[in-house]
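Reading through the structure tokens given below for one structure.
In this note's numbering, the protein residues as written are -11 to 72.
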């Protein structure tokens, strides 16, 4: 899930860009619509946070290490079986 502060910041920047910093009628409604649009877009993109990414990366690394260890064990067992 995307950090709500990121969406809020993007919404602010987008609103400022469109309005030129001037307070316009309906600006608050426009801000909420832009925020909703950005949130919906990020949700559809299925973006993960850095913390989630790092956690999955660590899991993948441990899994890779386990697979490599199992491959070594299998090679050793195969060699032992051929030597008999």
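All C-beta atoms in this analysis are idealised placements derived from N, C-alpha and C, irrespective of residue type, glycine included.
{"Check": "Length of the line joining the Cα atoms of residue 63 and residue 43", "Outcome": "31 Å"}
{"Check": "Proximity of residue 2 and residue 22 at Cβ, strictly below 8 Å", "Outcome": "yes"}
{"Check": "Alpha carbon of residue -8 to alpha carbon of residue 52, nearest angstrom", "Outcome": "33 Å"}
{"Check": "Three-state class that DSSP yields for residue 24 in the structure shown", "Outcome": "helix"}
{"Check": "Continuous alpha helix (DSSP H) stretch holding residue 66: start and end", "Outcome": "38 to 71"}
{"Check": "Cutoff 8 Å; reference residue 0; Cβ partners in own chain excluding five residues on either side", "Outcome": "19"}
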